[in-house]
Amino acid sequence: EPILAANTDFVDGKGRYDPERVAKYINGYFLKDVTINGVEYKKGECVLNEGEVCDCLRVIEKGMLRQYYFKYDKELTEHIAYEWGTVVCLQSYIEEKPTTLLIEALEPTILWEFPKKELERLSLEHADIGVLYRRFFEMSLIDSQIKADIIRFEPAHERYMRLLRSHPEILKRAPLLYIASLLQMTP
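Quick note on numbering: my numbering labels position 129 of the sequence shown as 131, and the sequence is numbered without any gaps.
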C-alpha cells in the first residue's frame, strides 16, 4: 500500500518512475550533508571493475554505459543504459561484496553517483525517499525477470523488435557487437 501512495511527482506519462525527477529530488536532500557532482568518464573508461564493490547507485546524466561479464574468456553484455537510466551491480551493492560485473562507458558519460550509506541514511530519515529507494529495487527485480523471460521465450527477431520499440537509442548509439550480446544473438 505505501508504494501505491508514493509521491506521484516522480511518475512519467507512462506511469513509471522518472529517474531524472527522483535523482534531482534526492540530490536536494544530499546537498544538506554531501555534495553530489557529476563524475565524468571517457569513452572506453571502466566505471567499475570486476572484483570491486559496487557502493553507489549511478544515474546517467549524459552518455551510455554497458554492464558486462566474462564467460569462457568472452565478454557478455548484460545491460545497456543511457540518459536518466540507472546502473548498479545489484548483488554486490546489497551484499557489499566484490562484483563479477564490469561497467564501461560506451560514450563520454556524466554520472551522478549516490553512495549507498547516504541513501540508506536518507531512507531512514525521510519516508518518501525510503519508498522510492525500495521501489527502485522492486523495479530492478521486475526488469531482471522480464529480461530473463524474454531471453527464454522470445525468438531473436522478437527480442530485436522489442528493443527497437522500447530503447531505440541503444540501437542508434551502441556498437552492434554489444547489442547482439545483449540480445543473445550472433552479429
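A virtual CB, placed ideally from N, CA and C, is assigned to each residue, including glycine.
Q.
Just to confirm, is the Cβ distance from residue 66 to residue 109 under 8 Å?
A. Walking along the sequence shown from the start, residue 66 turns up at place 64. Walking along the sequence shown from the start, residue 109 turns up at place 107. With a cutoff of 8 Å on beta-carbon distance, residue 66 and residue 109 are scored as near each other.
Check whether the Cβ atoms of residue 60 and residue 88 sit closer than 8 Å, and answer yes or no.
Taking the sequence shown and counting its residues from 1, one reaches residue 60 at position 58. Taking the sequence shown and counting its residues from 1, one reaches residue 88 at position 86. Yes, the pair counts as a contact, with Cβ atoms nearer than the cut-off.
Q. Since residue 162 is in the alpha helix (DSSP H), which residue starts that stretch and which ends it?
A. For the purposes of this step, residue 162 is taken as residue 160 along the sequence shown, with counting starting at 1. 158-168 is the extent of the alpha helix (DSSP H) around residue 162.
Review point. Does the separation of the CB atoms of residue 63 and residue 40 fall below 8 Å?
Key: For the purposes of this step, residue 63 is taken as residue 61 along the sequence shown, with counting starting at 1. For the purposes of this step, residue 40 is taken as residue 38 along the sequence shown, with counting starting at 1. In this structure, residue 63 places its C-beta atom within 8 Å of the C-beta atom of residue 40.
(Q) Closest to residue 177 by C-alpha separation, out of 133, 75, 79, 48, would be which residue? (A) Within the sequence shown, residue 177 is the residue found at index 175, counting from 1. Closest by alpha carbon: 79.
| query | By Cβ distance, which residues of its chain are closer than 6 Å to residue 95, with the 5 residues on each side in sequence left out? | reply | As a first step, residue 95 is located in the sequence shown; it is residue number 93 there, counting from the start. So the list reads 56, once near-sequence residues are dropped.
When DSSP labels each residue in this structure, what does residue 95 get in the three-state scheme? For the purposes of this step, residue 95 is identified with residue 93 of the sequence shown, where counting begins at 1. Correct three-state label for residue 95: helix.
Margin query: Excluding the 5 residues flanking residue 52 on each side, which residues of the same chain have their C-beta closer than 8 Å to its C-beta?
Written below: Against the sequence shown, residue 52 aligns to sequence position 50. Cβ neighbours of residue 52 beyond the five flanking positions: 71, 72, 100, 101, 102, 103, 104.
Residue-level contact to chain C via CB, residue 48, 8 Å cutoff: This model lacks chain C altogether; it includes just one protein chain.
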